[in-house]
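Trainee:
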Amino acid sequence: MTVDFKFKRAPGYNVAAIQYVGPYGEQHLRKEFRSLVAWAKRHGIRSGKWIFRELDGPYSRRPDNRRRWEADLEIKGPAKGEGRIRIKKIRPETVASVTFNPDEVSARLVYHGLSDWLRWRKKDGQVKRIGPSREVYDGDPWTNARAWAHADVQFLVRK
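Heads up: the sequence shown at position 109 corresponds to 108 in numbering that gives the first Met the number 0, and the numbers run straight through without jumps.
1. Give me the residue from P131, V126 and N100 with the minimum Cα distance to W147.
2. Taking the DSSP output, what are the residues bridged to N64?
3. List the whole-angstrom C-beta distance separating L35 from F51, where the pair is believed to meet the contact cut-off of C-beta under 8 Å.
4. How about R66 and P22: do their beta carbons lie closer than 9 Å?
5. Over the uninterrupted beta strand (DSSP E) stretch that includes D151, give me the two end residues.
6. Nearest to A106 by CA position, among D115, P140, Q18 and V152, is which residue?
7. Expressed to the nearest angstrom, what Euclidean distance is found between the alpha-carbon atoms of I84 and G11?
8. In terms of alpha-carbon separation, which member of P62, L113, A39 and W38 lies closest to F154?
9. Less than 7 Å between C-beta atoms, sequence neighbours within five positions excluded: which residues of the same chain meet that for D123?
10. For E81, which three-state DSSP category applies?
11. Can we count S114 as close to the ligand COA, meaning its CB is less than 8 Å from some heavy atom?
12. I think A37 touches G80, with their Cβ atoms under 8 Å apart; what is that distance to the nearest whole Å?
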């Protein structure tokens, strides 16, 4: 698998979302995704992509224990939120992206590499602003080996 960075236009998504506030951890957003999947199953809602979103961005001044994250489950068809679950639209956006297999290439290496690559693009004037990151999977990355092997890390950018 070749790992390289590229700019692309990411599609928009209709999602069911649960926000988490706190520091990043290994079990990050797992509980929130379990709740989203159970909710979708209970209401007979088809789901698609799994999106792990950082809401504050790489240069946030929020302390770690106040950082905001969001578990987004793409939904097909109409739905109404309940409890902590909100229905939202993520608009199409330009992103810097890299797809990789975390079992073959370290996620830390990918994040640092993409972040440095973007900083240089910003210095060169190719990018005006670097926004928050997100990970997009074609299914449950904890139980679906194919989804895990095609992790798509994206940083929102303004060109």
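Even for Gly, the Cβ is constructed at its ideal location relative to N, Cα and C. Keep in mind the model is a prediction, meaning the values are calculated, not measured.
Mentor: In brief:
1. N100
2. DSSP, once it has assigned bridges, lists no residue as partnering N64.
3. 12 Å between Cβ atoms; not a contact.
4. yes
5. A150 to R157
6. V152
7. 19 Å
8. L113
9. none
10. coil
11. Questions concerning the ligand COA fall outside what the structure shown contains, since it holds no ligand whatsoever.
12. 14 Å between Cβ atoms; not a contact.
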